[in-house]
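K.L.:
The sequence shown: position 144 = 453 (this note's numbering), numbered continuously.
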Amino acid sequence: MKDGNRRNKLYINNHNNTFTERAKEYGLDISGYCTQASFFDYDLDGDLDCFLINNSPIPFSSLNYADMRDVDINKWNVDDKLKGGGNHLYRNDGGHFTEVTRDAGLHTGLISFGLGVSVGDINLDGYPDIYVGNDFIEKDYLYINQGNGTFKDEMENCVQKISMSSMSTDLGDINNDGYPDIFTTDMIPDDDYRLKTTGTFDNIDLFISKQKAGLYHQYVRNCLQLNNGNGSFSEVADYCGVAATDWSWGALFFDADNDGLNDIFVCNGITKDVGDLDFLDFFSNDVYNKMLETGKRAEMEEILKHIPVTPLRNRFFRNKGQLQFEDAGQTSGLEQKTFSNSIAYADLDGDGDLDLVINNENGPAFVYRNNSREINGNAYIGV
Numbered sequence: 310m311k312d313g314n315r316r317n318k319l320y321i322n323n324h325n326n327t328f329t330e331r332a333k334e335y336g337l338d339i340s341g342y343c344t345q346a347s348f349f350d351y352d353l354d355g356d357l358d359c360f361l362i363n364n365s366p367i368p369f370s371s372l373n374y375a376d377m378r379d380v381d382i383n384k385w386n387v388d389d390k391l392k393g394g395g396n397h398l399y400r401n402d403g404g405h406f407t408e409v410t411r412d413a414g415l416h417t418g419l420i421s422f423g424l425g426v427s428v429g430d431i432n433l434d435g436y437p438d439i440y441v442g443n444d445f446i447e448k449d450y451l452y453i454n455q456g457n458g459t460f461k462d463e464m465e466n467c468v469q470k471i472s473m474s475s476m477s478t479d480l481g482d483i484n485n486d487g488y489p490d491i492f493t494t495d496m497i498p499d500d501d502y503r504l505k506t507t508g509t510f511d512n513i514d515l516f517i518s519k520q521k522a523g524l525y526h527q528y529v530r531n532c533l534q535l536n537n538g539n540g541s542f543s544e545v546a547d548y549c550g551v552a553a554t555d556w557s558w559g560a561l562f563f564d565a566d567n568d569g570l571n572d573i574f575v576c577n578g579i580t581k582d583v584g585d586l587d588f589l590d591f592f593s594n595d596v597y598n599k600m601l602e603t604g605k606r607a608e609m610e611e612i613l614k615h616i617p618v619t620p621l622r623n624r625f626f627r628n629k630g631q632l633q634f635e636d637a638g639q640t641s642g643l644e645q646k647t648f649s650n651s652i653a654y655a656d657l658d659g660d661g662d663l664d665l666v667i668n669n670e671n672g673p674a675f676v677y678r679n680n681s682r683e684i685n686g687n688a689y690i691g692v
């Protein structure tokens with residue numbers, strides 16, 4: 310909540326195996342709904358600036374706020390405790406960060422429900438650009454750095470369609486043409502049973518209403534945007550075989566087998582399968598009718614016990630070249646079903662290939678040692 314006790318933390322390395330929390334001193338002790346931070350030098354002045362994305366406190370199902378994307382947060386007619394959302398850019402002024410969101414041309418409203426941010430030089434002009442993946446109703450943002458301290462949202466000029474509920478984003482070059490491509494995850498299953506027993510799609514009237522409201526062309530699916538190198542992207546997730554991975558979170562490009570091609574990893578699962586149609590039917594009928602009869606709200610614990618628990622396997626897609634990927638998780642030792650939401654890679658054992666660390670909800674993390682170097686002998690550099 311805004312001005313509450315929950316604030317961001319910034320731990321500064323003391324160069325002696327210890328850290329000191331100094332967020333307030335640096336101006337980054339923000340009290341909001343932050344989900345992710347990215348540090349990068351957006352103005353190329355030699356120091357790291359900070360971009361924060363946040364969940365939105367505004368009802369995610371309302372179309373009424375779509376035209377307020379650029380209205381300053383302080384001008385929203387909502388309670389102050391709801392003004393902790395939106396995205397924020399902080400310029401590093403040497404030991405202190407100054408918010409420059411509006412001056413930099415970024416959207417300033419409260420409707421963005423940011424769950425993923427990726428930074429990279431999308432148009433190869435030497436300046437870092439920003440992709441923001443928004444969950445729920447708001448469209449994603451594609452901020453192209455103008456090279457003068459400002460950005461321009463070029464989503465509708467560059468991309469034809471996007472994920473409806475972007476849960477994560479990553480940038481990576483899948484075809485080695487030198488241009489970063491964009492991957493976003495969503496929540497569509499890839500098997501017939503899950504397709505018929507979970508979730509709902511927008512009817513055509515709601516779909517059209519969203520477009521008229523300025524929410525752009527959103528579809529329930531992962532999207533893989535192939536950078537055409539001319540300021541446009543082609544959406545190729547279906548063609549590449551990576552469009553459907555169920556309830557997906559963290560996305561990661563990485564070269565798993567040192568063959569020079571970026572592979573894709575997707576974290577999956579949610580502890581309570583709230584999209585289960587049987588539960589939705591139970592909630593909309595039994596629970597709602599009970600509340601009408603008694604005049605009391607149903608106890609949350611009573612509701613939660615009726616929600617199915619469905620662990621899902623994470624997905625590992627091996628890049629075969631020619632824009633083709635194969636689902637190789639079950640043959641690569643990555644078949645365990647769980648509730649994973651984020652992932653990072655590092656060469657933990659120094660053997661020349663990338664190992665994985667995966668965060669699981671309500672459970673221990675996974676650490677996967679990569680054995681590909683021993684199997685195929687591929688190295689980063691061959692002479």
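By construction, the Cβ of each residue, glycine as well, lies at the ideal position given by its N, Cα and C atoms.
Is the beta carbon of Val-551 closer than 8 Å to that of Leu-570?
P.N.:
no
K.L.:
Would you kindly work out how many angstroms separate the C-alpha atoms of Leu-561 and Met-377, rounded to a whole number?
P.N.:
32 Å
K.L.:
Does DSSP classify Ser-340 as helix, strand or coil?
P.N.:
coil
K.L.:
Looking at the strands, I want to know which residues DSSP matches up with Val-676.
P.N.:
Its beta-bridge partners are Val-666.
K.L.:
Quick one: give me the first and last residue of the alpha helix (DSSP H) that Asp-636 is part of.
P.N.:
Counting along the chain, Asp-636 falls outside any alpha helix (DSSP H), though it belongs to the beta strand (DSSP E) covering 633-636.
K.L.:
Using C-beta distances below 7 Å, list every residue in its chain close to Leu-415, excluding the 5 sequence neighbours before and after it, in chain order.
P.N.:
Exclusion of the five residues before and after Leu-415 leaves Asn-396, Leu-398, Tyr-452 and Phe-460 as the residues of its chain whose Cβ lies within less than 7 Å of its Cβ.
K.L.:
Name the DSSP beta bridge partners of Asp-572, please?
P.N.:
Phe-563
K.L.:
How is the alpha helix (DSSP H) around Lys-521 delimited, first residue to last?
P.N.:
513-521
K.L.:
So Lys-461 is in the alpha helix (DSSP H); what residue range does that whole segment cover?
P.N.:
Per DSSP, Lys-461 belongs to no alpha helix (DSSP H); it is in the beta strand (DSSP E), 460-462.
K.L.:
Hey, out of Asp-338, Gly-523 and Asp-479, whose CA is closest to Phe-574's CA?
P.N.:
Asp-479
K.L.:
Which term fits Ala-653, buried or exposed, when burial requires 16 or more other beta carbons within 10 angstroms of its beta carbon?
P.N.:
Around the beta-carbon of Ala-653, fewer than 16 other beta-carbon atoms lie within 10 Å, marking it exposed.
K.L.:
Please return the same chain residues whose Cβ sits closer than 8 Å to the Cβ of Leu-535, not counting the five positions on each side in sequence.
P.N.:
Ile-483, Asn-484, Asp-490, Phe-542, Ser-543, Glu-544, Val-545 and Leu-632
K.L.:
Where do the ends of the beta strand (DSSP E) carrying Asp-547 lie?
P.N.:
Bounds of any beta strand (DSSP E) do not take in Asp-547; it lies within the alpha helix (DSSP H) bounded by 546-549.
K.L.:
Would you mind reading off the limits of the beta strand (DSSP E) that contains Ala-332?
P.N.:
Ala-332 -> not in any beta strand (DSSP E); alpha helix (DSSP H) instead, spanning 332-335.
K.L.:
Quick check: Asn-567 and Asn-443, are their CB atoms within less than 8 Å of each other?
P.N.:
no
K.L.:
With a Cβ-Cβ cutoff of 8 Å, do Pro-366 and Gly-336 count as a contact?
P.N.:
no
K.L.:
Which residues bound the beta strand (DSSP E) around Tyr-654?
P.N.:
That run of the beta strand (DSSP E) goes 649-655.
K.L.:
Helix, strand or coil: how does DSSP classify Ala-375 here?
P.N.:
Helix.
K.L.:
Just mark Gly-487 as buried or exposed, buried being the case when its beta carbon has 16 or more other beta carbons within 10 Å.
P.N.:
exposed
K.L.:
With DSSP as the reference, label Ile-506 as helix, strand or coil.
P.N.:
Contrary to the premise, residue 506 reads as Thr rather than Ile in this sequence. Helix, per DSSP.
K.L.:
In whole angstroms, what is the alpha-carbon distance linking Asn-457 and Asp-352?
P.N.:
Each residue's alpha carbon lies about 7 Å from the other.
K.L.:
Consult DSSP for Leu-589 and reduce its assignment to one of helix, strand or coil.
P.N.:
helix
K.L.:
Assign Asn-401 to one of three DSSP states: helix, strand, or coil.
P.N.:
Asn-401: strand per DSSP, three-state reduction.
K.L.:
In chain order, what residues of the same chain lie with their CB nearer than 8 Å to the CB of Ile-616, ignoring the 5 residues before and after it?
P.N.:
Lys-581, Asp-582, Val-583, Asp-585 and Phe-588
K.L.:
For Asp-656, collect the residues of the same chain with a Cβ closer than 7 Å to its Cβ; drop the 5 residues on either side in sequence, then sort them by chain order.
P.N.:
So the list reads Asp-662, Leu-663 and Asp-664, once near-sequence residues are dropped.
K.L.:
Could you spell out the range, first to last residue, of the beta strand (DSSP E) harbouring Glu-447?
P.N.:
Neither: Glu-447 is in no beta strand (DSSP E) and is coded neither H nor E.
K.L.:
Enumerated in chain order, which unbroken segments of the beta strand (DSSP E) with a length of 3 residues or greater are wholly contained in the stretch 466-490?
P.N.:
Runs of the beta strand (DSSP E) inside the stretch 466-490: 477-481.
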